[in-house]
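Undergrad:
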Amino acid sequence: MRHLAFLLLACAFAPVRAGPPVPAPEPDPAPADAPIEQVLAHPLFQAPYMCSEHAAGELPYPGDDLGQDCMVTGMEEDASPGFFRLYRTDGLGNEDWYGWNQPVHAPCDCEVVQLHVNPRTNPPGQPHQSRASGVVLKAADGTLFALAHLQGFLVEEGAHVKAGERIGFVGNNGYARAPHVHIGAWRGKQALQVRWDQRAMSAH
Numbered sequence: 001m002r003h004l005a006f007l008l009l010a011c012a013f014a015p016v017r018a019g020p021p022v023p024a025p026e027p028d029p030a031p032a033d034a035p036i037e038q039v040l041a042h043p044l045f046q047a048p049y050m051c052s053e054h055a056a057g058e059l060p061y062p063g064d065d066l067g068q069d070c071m072v073t074g075m076e077e078d079a080s081p082g083f084f085r086l087y088r089t090d091g092l093g094n095e096d097w098y099g100w101n102q103p104v105h106a107p108c109d110c111e112v113v114q115l116h117v118n119p120r121t122n123p124p125g126q127p128h129q130s131r132a133s134g135v136v137l138k139a140a141d142g143t144l145f146a147l148a149h150l151q152g153f154l155v156e157e158g159a160h161v162k163a164g165e166r167i168g169f170v171g172n173n174g175y176a177r178a179p180h181v182h183i184g185a186w187r188g189k190q191a192l193q194v195r196w197d198q199r200a201m202s203a204h
């Protein structure tokens, strides 16, 4: 079932129509024992957040391999003592989750090359086998970033965005169990490990 979830995500970023003539073949991925290439990205949120990472080769699709699922954390202002958590109350409503509808920021200076909207919103804990809302961004060096499960997009295909610019808001759609944003990056056929630019992070 988990593989189906990410197959749906991979399909979300597959070409949907014929394009220009096929370019020259891209270079094959680096050998399995080669160091993992990395890409520096602007933080997705101003709020504090944490990410769960996909193991290399676990989901071998562009945008999934070495991807991350990122969730905003928070705590009540009067919670002393207290600790960061993912949701208020029982988490059964999307509004209970600290990440719900939080602004999502562009990870790069990029062009919006693909955007898809899924109008269906999932209740927490109930993923739907449909294509997630998502956007693909392309940097000048050819690096591609895929972000999924957003809502309320503030950009459109063909637009150019700056790193840190708002591009939409955290949603819960497609094969998602809770409000979060999935991010993956690749260049050619090579998956890239996303590293966050900690100088651009907000202090909390």
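Residue numbers for the sequence shown follow full-length UniProt numbering, beginning at 1 and rising by one.
Yeah, the Cβ is synthetic: ideal placement off N, Cα and C, and Gly gets one too.
Model, not experiment: these values are computed from the prediction.
For Q102, which of helix, strand or coil comes out of DSSP?
TA: If DSSP states are grouped into helix, strand and coil, Q102 belongs with coil.
Undergrad: Just how far apart, CA to CA, sit S52 and Q68?
TA: Spanning the two alpha carbons is a distance of roughly 5 Å.
Undergrad: Measuring only the C-alpha atoms, how far is Y61 from A178?
TA: Each residue's Cα considered, the two are about 22 Å apart.
Undergrad: What is the DSSP secondary structure of E53, reduced to helix, strand or coil?
TA: Three-state result, E53: strand.
Undergrad: When the Cβ atoms of the stretch 97-107 are set against those of the stretch 163-182, are three or more pairs found closer than 8 Å?
TA: They touch, by the three-pair rule.
Undergrad: Is DSSP giving K189 helix, strand or coil here?
TA: Note: K189 maps to coil in three-state DSSP.
Undergrad: Nearest-angstrom Cα distance between V161 and M201?
TA: C-alpha separation (whole angstroms): 18 Å.
Undergrad: What alpha helix (DSSP H) runs, 4 residues minimum, are completely inside the stretch 138-185?
TA: None, since the stretch 138-185 contains no complete alpha helix (DSSP H) of that length.
Undergrad: For T89, collect the residues of the same chain with a Cβ closer than 6 Å to its Cβ; drop the 5 residues on either side in sequence, then sort them by chain order.
TA: So the list reads D96, once near-sequence residues are dropped.
Undergrad: Leaving out the 5 sequence neighbours to the left and right, which residues in its chain are closer than 6 Å to R187 when beta-carbon positions are compared?
TA: These residues qualify, in order along the chain: G142, T143.
Undergrad: What is the DSSP secondary structure of V22, reduced to helix, strand or coil?
TA: Residue confidence is low: V22 scores 37 on pLDDT, short of 50, so the model does not pin down where it sits. No coordinate-derived value is stated.
Undergrad: With a threshold of 7 Å on Cβ separation, who are the neighbours of G196 within its own chain once the five nearest residues in sequence on each side are excluded?
TA: Position check: residue 196 holds Trp in this sequence, whereas Gly was assumed. Result list for W196: A41, P43, in chain order.
Undergrad: With 16 as the cutoff for other CB atoms within 10 Å, does Q190 come out buried or exposed?
TA: Counting Cβ neighbours within 10 Å, Q190 comes out buried, since at least 16 surround it.
Undergrad: Under a three-way DSSP split, which group does E95 fall into?
TA: E95 falls in the helix class under three-state DSSP.
Undergrad: How many angstroms separate the CA atom of H116 from the CA atom of F84?
TA: Each residue's Cα considered, the two are about 32 Å apart.
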